[in-house]
Amino acid sequence: MHRKFIVVVLALAIVMSVFGLSAFAQEKELYSMIVFTKGAEYFNWTYAGMVDAAKILGDHIETELQGPAEWDASLEARTIDQVAVKQPNGMVVASADEATLVPAINRAIDRGIPVITFDNDSPDSKRLAYVGTDNYDFGAVGAKAMGELLGGKGEVAIIMVPGAGSMEERAAGFEAELARSFPGIKVATIINDEGDVARAESATTAALLANPNIKGVFSTHGYGGPGAAAAVRTLGRVGDVVVIASDYGGPVLELLKTGEIAATVADNPYLLGFQAMMFAYQAAHPTDHPSQNPPFGHVPALIYGGSYIITGEDLQDPEIANLYENPPQF
Amino acid sequence: MNKVIKAVRGMDKQMGVILFLLVVITIVMALDNPYFLTVHNFTVMAEGFLFEGIMALAMTLVIVSGGIDISVGGVFPLSAILMALMVRSGYNYYLAMLIVLLVAAMIGFINNELRRILKIHPMIVTMAMLLTLRGLNLAITDGRVISRLPLGFIEMANKRLMGLSWPMLAYIVLAMVWFVLSKKQRSFLHVYFVGGNPASAALSGIRTENVYRMVYMLSSMLAAVAGILATMVYNSASSNFGQGIEMRVITAVAIGGASLTRGGIGSIEGTILGSLFLAMIYNAFIMSGVSAYYQDVFTGLMLVIAVVLRTQVFRKE
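Chains H and U, in that order, give the protein sequences.
Mapping of the first sequence onto my numbering: residues 1 to 330, in sequence order.
Mapping of the second sequence onto my numbering: residues 1001 to 1317, in sequence order.
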């Protein structure tokens, strides 16, 4: 009898202390990042940014990375609906396309979950803010590097897929910045490689043969740079033709080191994820001052992560090289 | 209560195992996450697998007939795209649905004719069709999402009947119809006969080719139903819809006890349970926050277990 009593008291004490402790602990908050092609290096960078932002905000912030491994907007929409059931404190979403997620995002907002889009927007939805990359500026950053490398004169070619929105914007920004800062440089031709590295090589070869005055090639997407570098190598004109790539996939990094790609323009996925997390937190914590999106807190509607140049010289620093060569994994 | 026990005893053993697993997962998840055992979650869970569920009904017949239909992974997005395009250019919604169903029936017909005339395995025929359709979908849409559908269509699509969404309603009706037909209707029963032993089925006077034609056409048409519903759910359509959906459909059918190697084995109720099981697994991974990378590992393991159960443990002597 006595012993039983002690056991009961002890058990009660344990239960009470657990409840007591949790009462003192800060309430946990969950923020979900939802992407398409989950596992892609790019989104791992964005999630790394989100995780670091959560660390700054405190131990009570939990994050998770969700979404289909496929590039399938319908699957991503389902994921949003299922994550919304958990009533996370905020969601940050990279939209697989701008239309399909609209109903799912709106349902989440209607349930009081702040939704921030990043990387790819869903402008027709009720999402509170978009954290993205200004592709026009991305192209302009490439143009500045090109202008300096060519000493302000010569002819150049742009690799892109006509009709693809982000590449069109990058090309437009590139041309405009050349015209503004380096009027001595002329865009001689547009090379359509259909976003494929092998096509980039053959099409660039043809373009360089047709017009030997082309001294520079700028690729508006990740695969064009290595393709153009291969074309320049085949024609034996390494050093004579400047190749500027986009993004920092493995092949681009290798060719930056050998110098066959002079520079690459990078956007900042880490910062996109970081900033999206911060926005989601802001939106989940309204202040007394009325916001534009009641009942949510204050967030600007749009912010850009910015673009910058990486050169082979930068990669000489082992710390920097290591950073790009070992992308985060989740 | 006695009735329930009797019903459970009389049930297929494999289905019993799946039912048992469903209960276990429900209990574990309910303890892990307070939101799991809610009406809202179960609705979302079911709605997350309705397209596969609808397609699995017809796929069961194909597999029971001894064949397979991979092409549904191309018919599903094609139907969504055609529906969205027609609605956007002002077609009557119901006429548009009819046209999509006819196109799908035609694709099923072609699948079967190719299989019959060329005498090649349906896996190859329908895989070729899948690739063709995926390419066609890209060509039609130019890789772009079709959106901004008329408000009238969106309003119609968002309507609920007795609190149920269109896909949910469609699934319930189709599942009931399929279940009853598979037990009573002659041409559905013939599918089992033909799948189990085509030669003796032919000898007993069954027109086996009619049976094959029916199952492939139905498979395509239910994929089209799912595609039409997808347009309604997402208010848009894209060539990237339904990536890998054919595999999820076949997995649901296989977990439900149908045999991919021997025709004549499988049931609609098993497939329904298999669909429910996969729906719950996908949901459980999202709810628990366990990396979705393990989802396919888990699903694969479940499939192996289901096959082992059927072929080794519960084998009828």
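Quick reminder that beta carbons are idealized off the backbone N, C-alpha and C, glycines included.
Quantities reported herein were computed from a predicted structural model and do not represent experimental measurements.
Exercise. Are the C-beta atoms of Val51/H and some chain U residue less than 8 Å apart?
Worked result: Here residue 51/H corresponds to residue number 51 of the first sequence, with the count starting at 1. Answer no: the Cβ-Cβ gap between Val51/H and chain U never drops below 8 Å.
Exercise. Excluding the five sequence neighbours on either side, which residues of its own chain have a C-beta within less than 7 Å of the C-beta of Thr1141/U, listed in chain order?
Worked result: Sequence index remark: in the second sequence, residue 1141/U carries index 141 (1-based). For Thr1141/U, where only same-chain residues beyond five positions count, the Cβ hits under 7 Å are Ile1081, Ser1238 and Ser1239.
For this session: Kindly indicate if chain H contains any beta-carbon less than 8 Å away from that of Gly1300/U.
Result: By one-based count along the second sequence, residue 1300/U stands at place 300. Output row for Gly1300/U: interface = no.
For this session: Check whether the Cβ of Pro318/H lies closer than 8 Å to any Cβ atom in chain U.
Result: The count along the first sequence starts at 1 and reaches residue 318/H at position 318. Closer than 8 Å: no.
Exercise. Thinking just about the alpha-carbon of each residue, which of Ala1058/U, Leu1031/U, Val1024/U and Leu1136/U is nearest to the one in Met1214/U?
Worked result: On the second sequence, residue 1214/U is found 214 positions in, with the first residue counted as 1. Looking at the Cα atoms, Ala1058/U is the closest of the given residues.
For this session: Go ahead and pull the three-state DSSP assignment for Val161/H.
Result: On the first sequence, residue 161/H is found 161 positions in, with the first residue counted as 1. Three-state DSSP puts Val161/H in coil, outside helix and strand.
For this session: Look up Ala176/H in the DSSP assignment and say whether it is helix, strand or coil.
Result: Stepping through the first sequence from its first residue, residue 176/H is reached at position 176. In this structure, Ala176/H counts as helix in the three-state DSSP scheme.
Exercise. What does Val1283/U touch in chain H if you count any residue whose Cβ is under 8 Å from its own?
Worked result: Along the second sequence, read from residue 1 onward, the residue named residue 1283/U stands at position 283. Rather than Val, the amino acid found at residue 1283/U in this sequence is Asn. Going along chain H in sequence order, the residues near Asn1283/U (Cβ under 8 Å) are Gln82.
Exercise. Hey, is the segment 1240-1251 of chain U in contact with the segment 1063-1078 of chain U, meaning 3+ C-beta pairs nearer than 8 Å?
Worked result: yes
Exercise. Can you name, in chain order, every residue of its own chain whose Cβ lies under 7 Å from the Cβ of Met278/H, other than the five neighbours on each side?
Worked result: To locate residue 278/H, count along the first sequence from 1; it is residue 278. Within the same chain, Met278/H has close Cβ partners Ala53.
For this session: Please classify Ser32/H: does DSSP put it in a helix, a strand, or coil?
Result: Counting from 1 along the first sequence, the entry for residue 32/H is found at position 32. Strand at Ser32/H.
Exercise. How far does the beta strand (DSSP E) with Gln316/H in it reach, from first residue to last?
Worked result: Looking up residue 316/H in the first sequence gives position 316. First-last for Gln316/H: undefined, no H or E at that position.
Exercise. Which bits of chain H does Ala1306/U rub up against, with CB to CB less than 9 Å?
Worked result: Counted from its first residue, the second sequence places residue 1306/U at position 306. For the C-beta of Ala1306/U, not a single chain H residue is nearer than 9 Å; the gap to the nearest is close to 23 Å.
Exercise. Span of the alpha helix (DSSP H) holding Ala70/H?
Worked result: Taking the first sequence and counting its residues from 1, one reaches residue 70/H at position 70. Note on identity: in this sequence residue 70/H is Glu, with Ala being the wrong assignment. Per DSSP, Glu70/H belongs to no alpha helix (DSSP H) and is neither H nor E.
Exercise. Just how far apart, CA to CA, sit Leu302/H and Gly250/H?
Worked result: Walking along the first sequence from the start, residue 302/H turns up at place 302. Walking along the first sequence from the start, residue 250/H turns up at place 250. Rounded to the nearest angstrom, the two C-alpha atoms are 30 Å apart.
For this session: Give a yes or no on whether the C-beta atoms belonging to Ile80/H and Ile34/H are separated by under 8 Å.
Result: The residue labelled residue 80/H in the question sits at position 80 within the first sequence. The residue labelled residue 34/H in the question sits at position 34 within the first sequence. In contact: Ile80/H and Ile34/H (Cβ atoms closer than 8 Å).
For this session: Could you say which of Gly227/H, Asp240/H, Ala280/H and Asp267/H lies nearest to Glu254/H if we only look at CA atoms?
Result: As a working note, residue 254/H is residue 254 in the first sequence. Nearest of Gly227/H, Asp240/H, Ala280/H and Asp267/H to Glu254/H, Cα basis: Gly227/H.
Exercise. Is the beta carbon of Ser1254/U less than 8 Å from the beta carbon of Ala1306/U?
Worked result: Here residue 1254/U corresponds to residue number 254 of the second sequence, with the count starting at 1. Here residue 1306/U corresponds to residue number 306 of the second sequence, with the count starting at 1. A small fix is needed here, since residue 1254/U is Ala in this sequence, not Ser. Cβ distance < 8 Å, so Ala1254/U and Ala1306/U count as in contact.
Exercise. If you draw a straight line from the C-alpha of Gly58/H to the C-alpha of Tyr304/H, how long is it?
Worked result: Numbered from 1 along the first sequence, position 58 holds the residue referred to as residue 58/H. Numbered from 1 along the first sequence, position 304 holds the residue referred to as residue 304/H. Taking the straight line joining both Cα atoms gives about 25 Å.
For this session: Count the CB pairs spanning the segment 1267-1277 of chain U and the segment 1081-1101 of chain U that are closer than 8 Å, and state whether there are at least three.
Result: Judged by Cβ distances under 8 Å, the segment 1267-1277 of chain U makes no contact with the segment 1081-1101 of chain U, as fewer than three pairs qualify.
Exercise. What three-state label does DSSP hand Met1055/U in the structure shown?
Worked result: The sequence position of residue 1055/U within the second sequence is 55, counting from 1. Looking at Met1055/U - three-state DSSP - the assignment turns out to be helix.
For this session: Kindly list, in the order they appear in chain C, the residues whose Cβ is closer than 8 Å to that of His1121/U.
Result: Of the protein chains in this structure, namely H and U, none is chain C.
Problem set entry | Counterpart residues of Ser246/H in DSSP-defined beta bridges | For the purposes of this step, residue 246/H is identified with residue 246 of the first sequence, where counting begins at 1. Answer is Val265/H.
Exercise. Where does Pro88/H land, buried or exposed, given buried means 16+ other C-beta within 10 angstroms?
Worked result: The residue given as residue 88/H occupies position 88 in the first sequence. Label assigned to Pro88/H: buried.
Problem set entry | Separation of Val1290/U from Asn1033/U, as counted between CA atoms | Position 33 of the second sequence, counted from the start, is the residue given in the question as residue 1033/U. Position 290 of the second sequence, counted from the start, is the residue given in the question as residue 1290/U. Cα-Cα distance, rounded: 12 Å.
For this session: Please determine if the segment 1030-1044 of chain U and the segment 1208-1224 of chain U are in contact, where contact requires at least 3 C-beta pairs separated by less than 8 Å.
Result: no
For this session: From the DSSP output, in three-state form, read off Leu65/H for me.
Result: Locating residue 65/H in the first sequence gives position 65, counting from the first residue. Leu65/H falls in the strand class under three-state DSSP.
Problem set entry | Secondary structure of Leu1164/U, DSSP reduced to three states | The residue you call residue 1164/U lines up with position 164 of the second sequence. In the structure shown, Leu1164/U sits in a strand (DSSP, three-state: E or B).
Problem set entry | 8 Å Cβ cut-off: residues of chain H touching Gly1048/U | Within the second sequence, the letter at position 48 stands for residue 1048/U. Within chain H, the residues near Gly1048/U are Arg78, Asp81 and Gln82.
Exercise. If you pair each beta-carbon of the segment 173-193 of chain H with each one of the segment 153-165 of chain H, do three or more pairs fall below 8 Å?
Worked result: yes
For this session: Output the distance between the C-alpha atoms of Gly1163/U and Ala1199/U, rounded to the nearest integer angstrom.
Result: By one-based count along the second sequence, residue 1163/U stands at place 163. By one-based count along the second sequence, residue 1199/U stands at place 199. Cα to Cα, Gly1163/U sits roughly 48 Å from Ala1199/U.
Exercise. By the 10 Å Cβ neighbour count, where 16 or more other Cβ atoms means buried, how is Ile1265/U classified, buried or exposed?
Worked result: Your numbering for residue 1265/U matches position 265 in the second sequence. Answer is buried; the Cβ neighbour count reaches 16.
Exercise. Looking only at DSSP bridge pairs, what is Gly312/H linked to?
Worked result: Counted from its first residue, the first sequence places residue 312/H at position 312. Beta-bridge pairing links Gly312/H to no other residue.
Exercise. Using the beta-carbon of each residue, which ones in chain H are nearer than 8 Å to Asn1033/U?
Worked result: Here residue 1033/U refers to the residue found at position 33 when the second sequence is read from its first residue. Under the 8 Å cutoff, chain H gives Lys86.
Exercise. What does Trp71/H touch in chain U if you count any residue whose Cβ is under 8 Å from its own?
Worked result: Numbered from its first residue, the first sequence carries residue 71/H at position 71. The answer, in chain order, is Asn1240 and Gln1243.
For this session: Check whether the Cβ of Thr220/H lies closer than 8 Å to any Cβ atom in chain U.
Result: As a first step, residue 220/H is located in the first sequence; it is residue number 220 there, counting from the start. No - not a single Cβ of chain U is within 8 Å of the one on Thr220/H.
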